[in-house]
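There are 2 protein chains.
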Amino acid sequence: MDILAEKKKAIFESTLELIKENGFHGTPMSMVAKKACVACGTIYHYFDSKDTLIAELYAYVKKQMADAMFEGDDEQKEFKDRFYHLILSHCRFYIKHPNTLYFIEQYINSPYNNREPVKDNEQFQHRMWDFLKQGIDTGVLKPMNIHLLGILIHSHVVTTAKLYFSQRVKINEEDFPNIVQVIWDGVKNHSD
Amino acid sequence: MDILAEKKKAIFESTLELIKENGFHGTPMSMVAKKACVACGTIYHYFDSKDTLIAELYAYVKKQMADAMFEGDDEQKEFKDRFYHLILSHCRFYIKHPNTLYFIEQYINSPYNNREPVKDNEQFQHRMWDFLKQGIDTGVLKPMNIHLLGILIHSHVVTTAKLYFSQRVKINEEDFPNIVQVIWDGVKNHSD
DNA sequence: AATTACCGAATGAACATTCAATCGGGGCGC
DNA sequence: GCGCCCCGATTGAATGTTCATTCGGTAATT
Numbered sequence: 001m002d003i004l005a006e007k008k009k010a011i012f013e014s015t016l017e018l019i020k021e022n023g024f025h026g027t028p029m030s031m032v033a034k035k036a037c038v039a040c041g042t043i044y045h046y047f048d049s050k051d052t053l054i055a056e057l058y059a060y061v062k063k064q065m066a067d068a069m070f071e072g073d074d075e076q077k078e079f080k081d082r083f084y085h086l087i088l089s090h091c092r093f094y095i096k097h098p099n100t101l102y103f104i105e106q107y108i109n110s111p112y113n114n115r116e117p118v119k120d121n122e123q124f125q126h127r128m129w130d131f132l133k134q135g136i137d138t139g140v141l142k143p144m145n146i147h148l149l150g151i152l153i154h155s156h157v158v159t160t161a162k163l164y165f166s167q168r169v170k171i172n173e174e175d176f177p178n179i180v181q182v183i184w185d186g187v188k189n190h191s192d
Numbered sequence: 001m002d003i004l005a006e007k008k009k010a011i012f013e014s015t016l017e018l019i020k021e022n023g024f025h026g027t028p029m030s031m032v033a034k035k036a037c038v039a040c041g042t043i044y045h046y047f048d049s050k051d052t053l054i055a056e057l058y059a060y061v062k063k064q065m066a067d068a069m070f071e072g073d074d075e076q077k078e079f080k081d082r083f084y085h086l087i088l089s090h091c092r093f094y095i096k097h098p099n100t101l102y103f104i105e106q107y108i109n110s111p112y113n114n115r116e117p118v119k120d121n122e123q124f125q126h127r128m129w130d131f132l133k134q135g136i137d138t139g140v141l142k143p144m145n146i147h148l149l150g151i152l153i154h155s156h157v158v159t160t161a162k163l164y165f166s167q168r169v170k171i172n173e174e175d176f177p178n179i180v181q182v183i184w185d186g187v188k189n190h191s192d
């Protein structure tokens, strides 16, 4: 179970990195095999097909993200502080895991996305929705569709992380709070 | 020159639609040829390779977008009105051209993006930057890096357009102004 | 006539997937 | 403890398919 898991993990990590570099097309199974130091056939011992591998990889990184996400969230604190903390953690996760960032973005914008809906562990989504709902109910956030709100915020985070790695616009971690302020001012209820 | 342009255009449009449906990998040249009602060889009369076709297609749709973008912008109006008008036009362009929306998103998040930097007609970018700069200089917008501002706004627009076509969150054109308000509140300078 | 547009079968390379063959470790009889 | 067997894990060369691209030729346009 240990060695088994190790090999599967090696395949995941290799695929992740190669896809970031070369995209789905640009990464033949043979390349994944070489990078993961296994034989081609071994991959097929663990996964039915390349599509399956990619779909499972998506679930794998999604779970990692969910696990990392709410760490350090303190329900006792004020809403705004929690908001900043959550968004910044999320940004930092992507900064720390660029392979994941680019893989997810590619995946979401590819036809893989709608092929077989991976049964998402939607832990992350639900905790986020609860948090946002609380913000709306207490009048701190604009009254809006929660899903919409969540997606707008997430897209803001992703854009920020991508920018961090881009050549054209140079930002660093010290700029993050200012960028988070943009989305905060956007979603907060200005009537108070 | 006329018929020539027609055939080239047919190839562009077919590629655009097929890539939206099936992605880069999922669209063989033979399929493009069939859909465009030309022979395989004809495509190679107009384009050096599949990569070239895709790169030129990107420039082609980018130009269409730029052309459609600033239509109806009135420099006499108040900044906020112009902002809403521009953002809404941009949203509506994507709504009207979903193929373009999904193609661009796939392209940007693929390794094609960094392969050969298409010499962008950056007309759109520059007009946008000028507009944003004016907003900052007059104190209406938060003082921020203009490129950063532009990208954050654009990502908001793209997210909105994608949401429009998504199953999960149902929004329609009447919701747009509220969504634009989020980004407006986000970027406006609240100190006045 | 000459140049250009167009055709589509043929080519060959790249790649996902298969499978027959080997490895290795743990259970079992002695 | 020792040898043997079994079975899942692993291997990587071989297979068959799917394309991108080519090219010899035909039609249209000048």
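In the order they appear, the protein sequences are chains L and R. Under the UniProt record's numbering, the letters of the first sequence match residues 1 to 192, in that order. Under the UniProt record's numbering, the letters of the second sequence match residues 1 to 192, in that order. All C-beta atoms, glycine included, are put in the ideal place defined by N, C-alpha and C. A quick note: this is a predicted structure, and the numbers were derived from the prediction, not measured.
Have a look at residue i and residue j and give me their C-alpha separation to the nearest angstrom.
i                : j                : result
HIS85 (chain L)  : ALA36 (chain L)  : 36 Å
GLU17 (chain L)  : MET31 (chain L)  : 11 Å
HIS97 (chain L)  : LEU149 (chain L) : 24 Å
ALA66 (chain R)  : HIS90 (chain L)  : 33 Å
ILE179 (chain L) : TYR46 (chain R)  : 44 Å
ALA55 (chain R)  : PRO111 (chain R) : 12 Å
ALA5 (chain R)   : GLU13 (chain R)  : 12 Å
ILE3 (chain R)   : VAL38 (chain R)  : Here the model assigns ILE3 (chain R) a pLDDT of 48, short of 50, so the residue's position is not dependable, and the following value carries that caveat. C-alpha separation (whole angstroms): 12 Å.
PHE79 (chain L)  : PHE93 (chain L)  : 21 Å
ALA33 (chain L)  : PHE103 (chain L) : 18 Å
THR138 (chain R) : LYS8 (chain L)   : 57 Å
ASP81 (chain R)  : GLY72 (chain R)  : 12 Å
GLN134 (chain R) : PRO28 (chain L)  : 49 Å
PHE176 (chain L) : GLU122 (chain R) : 27 Å
PHE83 (chain R)  : THR15 (chain L)  : 43 Å
LYS77 (chain R)  : ASP130 (chain R) : 15 Å
GLY26 (chain R)  : SER191 (chain R) : 51 Å
LEU53 (chain L)  : GLN64 (chain L)  : 16 Å
VAL157 (chain L) : ASP51 (chain L)  : 28 Å
GLN181 (chain L) : GLN167 (chain L) : 23 Å
LYS62 (chain R)  : ASN22 (chain L)  : 24 Å
MET1 (chain R)   : GLU173 (chain R) : Residue confidence for MET1 (chain R) is low, a pLDDT of 45 falling below 50, so the modelled location carries little weight and cannot support an answer.
Tell me whether residue i sits in a helix, a strand or coil according to DSSP, three-state version.
i                : result
LYS96 (chain R)  : helix
LYS188 (chain L) : strand
PHE176 (chain R) : helix
Below 7 Å on C-beta distance, what does residue i contact in chain R?
i                : result
ASN22 (chain L)  : PRO111
LEU16 (chain L)  : Residues of chain R passing the Cβ test: none, with the nearest at roughly 14 Å.
GLN123 (chain L) : By Cβ distance, chain R contributes nothing, its closest Cβ being about 17 Å from GLN123 (chain L), past 7 Å.
SER30 (chain L)  : The premise fails here: SER30 (chain L) is roughly 16 Å from chain R at the closest Cβ pair, so nothing lies under 7 Å.
ILE54 (chain L)  : Result: empty, since nearest Cβ-Cβ is about 12 Å, beyond 7 Å.
HIS25 (chain L)  : PHE24, HIS25
GLN64 (chain L)  : Going along chain R, no residue has its Cβ under 7 Å from GLN64 (chain L), so there is no contact; the nearest lies around 20 Å.
Can you pull the chain R neighbours of residue i, defined as C-beta to C-beta under 8 Å?
i                : result
ARG168 (chain L) : HIS147
GLY135 (chain L) : Simply none; closest approach about 14 Å.
SER155 (chain L) : SER155, HIS156, VAL158, THR159
GLU105 (chain L) : ASN109
Do residue j and residue i have their beta-carbon atoms positioned less than 7 Å apart in this structure?
i                : j                : result
PHE124 (chain R) : MET69 (chain R)  : yes
SER155 (chain R) : THR159 (chain L) : yes
TYR60 (chain R)  : TYR107 (chain R) : no
LEU141 (chain R) : ASN189 (chain R) : yes
GLU186 (chain R) : ASP185 (chain L) : Checking the displayed sequence, the identity of residue 186 (chain R) turns out to be Gly instead of Glu. It is a contact, given that the beta carbons lie within the stated cut-off.
ILE153 (chain R) : TYR164 (chain R) : no
ILE43 (chain R)  : ILE11 (chain R)  : yes
ASN145 (chain R) : LYS20 (chain R)  : no
GLU105 (chain R) : ASN109 (chain L) : yes
VAL169 (chain L) : HIS126 (chain R) : no
ALA161 (chain R) : LEU88 (chain R)  : no
PRO143 (chain L) : ILE151 (chain L) : no
Applying a beta-carbon distance threshold of less than 7 Å, which residues of chain L neighbour residue i?
i                     : result
ASP185 (chain R)      : ASP185, GLY186, HIS190
GLY139 (chain R)      : Those do not exist, as GLY139 (chain R) stays about 16 Å from chain L at its closest Cβ, beyond 7 Å.
residue 204 (chain R) : The structure shown does not extend to residue 204 (chain R), since chain R spans only 1 to 192, so no value can be given for it.
Can you pull the chain R neighbours of residue i, defined as C-beta to C-beta under 9 Å?
i               : result
LEU88 (chain L) : Under the 9 Å cutoff, chain R gives no residues; its nearest Cβ is about 16 Å from LEU88 (chain L).
Mind pulling the chain L residues with CB within less than 8 Å of residue i?
i                : result
LEU163 (chain R) : LEU148, ILE151
Worksheet item: At which residue ranges does the segment 22-104 of chain L contain complete alpha helix (DSSP H) runs of 4 or more residues, listed in the order of the chain?
Response: Considered as a whole, the segment 22-104 of chain L harbours 29-36, 40-46, 50-69, 79-96 as its complete alpha helix (DSSP H) runs of no fewer than 4 residues, in chain order.
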